[in-house]
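In order, the protein sequences belong to chains A and B. For the first sequence, the numbering used here gives the first residue as 1, with consecutive numbering after it. For the second sequence, the numbering used here gives the first residue as 215, with consecutive numbering after it.
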Amino acid sequence: MSQNLDLKAIERKAFRSFHQDGLWDIYMGGLLLVLSLFFAIPESGEGELTYMGLALLGVAIVFAFFQLGKKYITAPRMGQVKFGPERQKRKTTLAWIMGVFVLVTLGINLFSLYVWNATASSQPIGLNLAPSLERAAVASIAALIAGISTVVTSYFKEFTRGYYIALLMAFGFFFTLWLDSTIPMIVAGALILLPGLAVFAIFLRQHPLPPREG
Amino acid sequence: MTAPEMSDSLSALTDIDRLIHEPARLQIVALLYVLESADFVFVTQQTGMTWGNLSAHITKLEDGGYLKVEKGYKGKRPQTMLSLTAKGRKAFNAYRQSMQQMLDDLPE
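The following block contains the structure:
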């Protein structure tokens, strides 16, 4: 009886079933791949606008694929559901946490710009880091921001594969910035995207379109 | 447990809500109990029931006043949203309690 009527397990299974489509993995992997274009801009700045334009276009395509995929591929196969108040509460909490996270990230970026400008105009700011240490610090901060935000999202969404994605995101940002090479980010993006595509293919095979109601 | 007590426990079995007790309907009610609402497709996916089978059980639960069925459209596709009524939630709670009580009362 208790095994058959584990209500928490029933709810958890229903909730987690929404990550079975692999779209989140494809989105995150694709995002990392297109973001690597920002880091591919040569130091000379040649073709900067083209790279940035392509990256922004890539971000738009990946985002559109995720949204349209959820709407036109997943939803008709999985159906519509509204979870209970506990889930709604968790969703609101996650939104607040991510809001704070965005503000903190913005603060860090503004502080970095301030340090960068002050260093460029030779003003003393009290941060005398060696260039290699500075690079490692920037890489660590970027990796922490990317990694922690993905871990928090995965925790609230009970998305187990999200922890693997978080690890690869942190790896991609850290080594790309530290080594000044786009390869780690491309590798991390591919390692997230490819399993996502496999999960997506399995999902499509296991969830054919149901007959129309009527 | 004495014989009369045992007899009481067995007679309690007849008081079990048969509308919920049927395994397929129990699956539907338990799922909808933990959700606010879900459509026909979602319930089919989660329970593994066929379209026709689910439809038959939904009708019985609706007739019993345990289920609210709302027919509408999502874009151009027809959509049937299902949710437990207050009566359905109460009945499911009572069912769980009585089953638990009865199983707890059984001798080792």
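Even glycine gets a Cβ: it sits at the ideal position worked out from N, Cα and C.
Exposed or buried, which one is residue i when buried takes at least 16 other CB atoms within 10 Å?
| i | result |
| --- | --- |
| Y72/A | exposed |
| Q241/B | buried |
| G289/B | exposed |
| D21/A | buried |
| Q260/B | buried |
| Y280/B | buried |
| I183/A | exposed |
| F202/A | Sequence inspection shows Ile at residue 202/A; the Phe mentioned does not correspond to that position. With fewer than 16 Cβ atoms within 10 Å of its Cβ, I202/A is classed as exposed. |
| H19/A | buried |
Distance, Cα to Cα, residue i vs residue j?
| i | j | result |
| --- | --- | --- |
| F38/A | P85/A | 41 Å |
| L317/B | R310/B | 11 Å |
| M1/A | I61/A | With a pLDDT of only 48 at M1/A, under the threshold of 50, the placement of this residue in the model should not be trusted, and no figure is reported. |
| L94/A | S154/A | 10 Å |
| L54/A | L35/A | 10 Å |
| L268/B | T258/B | 7 Å |
| K274/B | T74/A | 29 Å |
| P42/A | S112/A | 21 Å |
| A118/A | A14/A | 53 Å |
| T105/A | A146/A | 10 Å |
| T176/A | V151/A | 20 Å |
| D180/A | L31/A | 19 Å |
| I10/A | R16/A | 10 Å |
| A308/B | I148/A | 44 Å |
| R239/B | D231/B | 11 Å |
| R205/A | A137/A | 45 Å |
| G302/B | G262/B | 22 Å |
| L249/B | M313/B | 22 Å |
| A270/B | D277/B | 11 Å |
| D319/B | F200/A | 48 Å |
| Q3/A | A244/B | Because Q3/A sits at a pLDDT of 45, beneath the cut-off of 50, its placement in the model cannot be relied upon, and the following sentence gives the value as read from the coordinates. Looking at the two C-alpha atoms, the distance is approximately 13 Å. |
| A40/A | M169/A | 17 Å |
Name the chain B residues whose beta carbon is nearer than 9 Å to that of residue i?
| i | result |
| --- | --- |
| K82/A | L249, E250, S251, A252, M295, S297 |
In terms of residues, what are the limits of the alpha helix (DSSP H) holding residue i?
| i | result |
| --- | --- |
| F159/A | Element bounds for F159/A: n/a, residue is neither H nor E. |
| K13/A | 7 to 16 |
| M28/A | 23 to 35 |
| F39/A | Looking at the DSSP string, F39/A is not in any alpha helix (DSSP H), and its letter there is neither H nor E. |
| K221/A | No information on residue 221/A is available, as it lies outside the stretch 1 to 214 that chain A covers here. |
| E46/A | Segment: none, E46/A is in no alpha helix (DSSP H) and carries neither H nor E. |
| A188/A | 183 to 206 |
| I272/B | 265 to 277 |
For a contact meaning CB atoms closer than 8 Å, what does residue i contact in chain A?
| i | result |
| --- | --- |
| K282/B | Within 8 Å Cβ-Cβ: nothing; K282/B doesn't reach chain A, min ~13 Å. |
| A300/B | Chain A residues near A300/B: none, gap ~15 Å exceeds 8 Å. |
Please list the terminal residues of the continuous beta strand (DSSP E) segment that includes residue i.
| i | result |
| --- | --- |
| D253/B | 249 to 253 |
| Y287/B | 281 to 288 |
| R291/B | 291 to 298 |
Just the chain B side, please: which residues come within less than 8 Å of residue i by C-beta, in chain order?
| i | result |
| --- | --- |
| G79/A | A252, D253, F254, V255, F256, V257, T258, Q259 |
| E158/A | Within chain B, no residue comes near E158/A; the closest Cβ sits about 14 Å away, beyond 8 Å. |
Is the CB of residue i under 8 Å away from at least one CB in chain E?
| i | result |
| --- | --- |
| A244/B | Among the protein chains of the structure shown, namely A and B, there is no chain E. |
Note down, in chain order, every chain A residue with its Cβ under 9 Å from the Cβ of residue i.
| i | result |
| --- | --- |
| R232/B | What R232/B touches in chain A: nothing, since even the nearest Cβ is about 16 Å away. |
Residues of chain A with CB under 7 Å from residue i, in chain order?
| i | result |
| --- | --- |
| K304/B | Residues of chain A passing the Cβ test: none, with the nearest at roughly 16 Å. |
With a cut-off of 8 Å, do at least 3 Cβ pairs link the stretch 178 to 187 of chain A to the stretch 14 to 27 of chain A?
Judged by Cβ distances under 8 Å, the stretch 178 to 187 of chain A makes no contact with the stretch 14 to 27 of chain A, as fewer than three pairs qualify.
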